[in-house]
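The numbering of the sequence shown is full-length UniProt numbering, which starts it at 1 and goes up by one.
From the three backbone atoms N, C-alpha and C, an ideal C-beta is built for every residue, glycine too.
Note that the structure is predicted; figures quoted are calculated from it, not measured.
One structure below.
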Amino acid sequence: MHLAAIRFEIDESYIVMMLKVRELHPELAIKAKNELHEDPERIPESIKILRDWIKAQPHLKSRTDDQFLLAFLRASKHSIERAKQKIDHFYTLRTAVPELFKNRNVETSNFLEVVRLGTGLILPNPLGESGPRICLIRPGAYSPEKYNIYEILRPGSLVADIELIEDDNLIVSGLVEIIDLENLSMQHIFQSDAVFMKKLAAIGGDASPLRHMGTHFINTPGSFEAMFNVFKGFLSPTKRKRLFVHGDNLQSLYAHVPQQYLPREYGGNNGSISEIIQYWEKKILAYKDFFMEDEQYGTIEELRVDRNHYSENLFGVDGTFRSLNVD
């Protein structure tokens, strides 16, 4: 990790603060400036404001290291108020969904079995030097008779935490998802009940510091597109433009994600599935102490001073967890 010395002006005097943040690749730095309104001179003061705000929240126990806070500033296009809201939502949700975010012992045999299935994989190379990171999701790669949906998603939540710390392409340029529905069965679908789907929407929405730049469905069953078009009608125009159904036509996918950026099993040269699984198994195990330490962070809803709509939706008025309301 590099130390970046950044100068900013306060009360007509210049103060040099040493931040423990990575220096961006020049192309990413340009993108951060143009798309995220990043001004390096403002970063130290913004991080200090966020850190002081976190310390003043009795209900919130959050990480406060520079790189972590900068990720939320970038996710909020450097709006301090939006970054505060995202951090609060991030930890509120982690407290509300212990199935994914608690008891994260990565050395159990069951956990490692799930990792080796490769149901969710971040690919080695992003979509170009300053492009978004690529995630391959294979929901049909596990047996719903053997594993529940939370067991399958838990490794993905750990990978997301690692990426939040390590991956500047992901934070600045966002994420492109490729969802391969090969071997997906009705048993898989029935595991995703309404409460789970709402939790999943919250994880991918306001509680996430990630920018979703596009989702591509491949190997879809024949009836999928008709149902999907109905679903798209409920989305905003911006979100609709980022969803694509390619059926089994990989040439159609290549028009959006060039072939070279896909794994070898999909005609590309961005690693093989087995290689990528092995990489992430080693990486997750290397972070085992971090995940145990990270469990101390979250929210104590009984201590929240100003209850908001988001926390009310996840917790009752007494601050205890309740099932999410389904509209």
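Item	Value
Beta carbon of L164 nearer than 7 Å to that of A255	no
Span separating the alpha-carbon of H246 from that of S173	23 Å
Check whether I273 and E281 have beta carbons under 7 Å apart	no
Local conformation of S13 per DSSP, three classes	Low local confidence applies: a pLDDT of 30 at S13 is under 50, so the model's placement there is unreliable, with the coordinate-based value given in what follows. The answer is strand: DSSP assigns S13 an E or B state.
A75 classed as buried or exposed, judged by whether at least 16 other C-beta atoms fall within 10 angstroms	buried
Which listed residue (P155, H212, G140, L136) has its alpha carbon closest to that of I171	H212
Which of helix, strand or coil DSSP assigns to T92	helix
Host beta strand (DSSP E) of D180 (start-end)	175-180
Residue closest to Y150, alpha-carbon to alpha-carbon, out of L175, P126, G120	G120
Proximity winner among P221, T215, D248, relative to K232 (alpha-carbon distances)	T215
Which listed residue (N105, T64, S130, V97) has its alpha carbon closest to that of I87	T64
Beta-bridge pairing of G214 - partner residues as DSSP gives them	V176
Nearest candidate by alpha-carbon position, reference L210, set G140, S192, F68	F68
Contact under 7 Å by Cβ, N270 with N125	yes
G298 in three-state terms, based on DSSP	strand
Straight-line gap, E182 to P98 (C-alpha atoms, nearest Å)	29 Å
Cutoff 7 Å; reference K288; Cβ partners in own chain excluding five residues on either side	V106, E107
Where G140 falls: helix, strand or coil (DSSP)	helix
Host beta strand (DSSP E) of V245 (start-end)	243-245
CA-to-CA distance, E23 to S13, given in whole angstroms	Below a pLDDT of 50, predicted positions are generally treated as unreliable, and S13, at 30, falls in that range; the measurement from the model is reported next regardless. Rounded to the nearest angstrom, the two C-alpha atoms are 25 Å apart.
Burial state of L19 (16 or more Cβ within 10 Å)	buried
Sub-7 Å separation of H277 and G118 beta-carbons	According to the sequence provided, residue 277 is Ile. The question's His does not apply to it. Closer than 7 Å, so yes.
Option in K199, K198, N249 with minimal Cα separation from P221	N249
R304 (DSSP reduced to helix, strand or coil)	coil
Endpoints, alpha helix (DSSP H) assigned at G156	149-166
CB of I179 within 7 Å of CB of I137, strictly	yes
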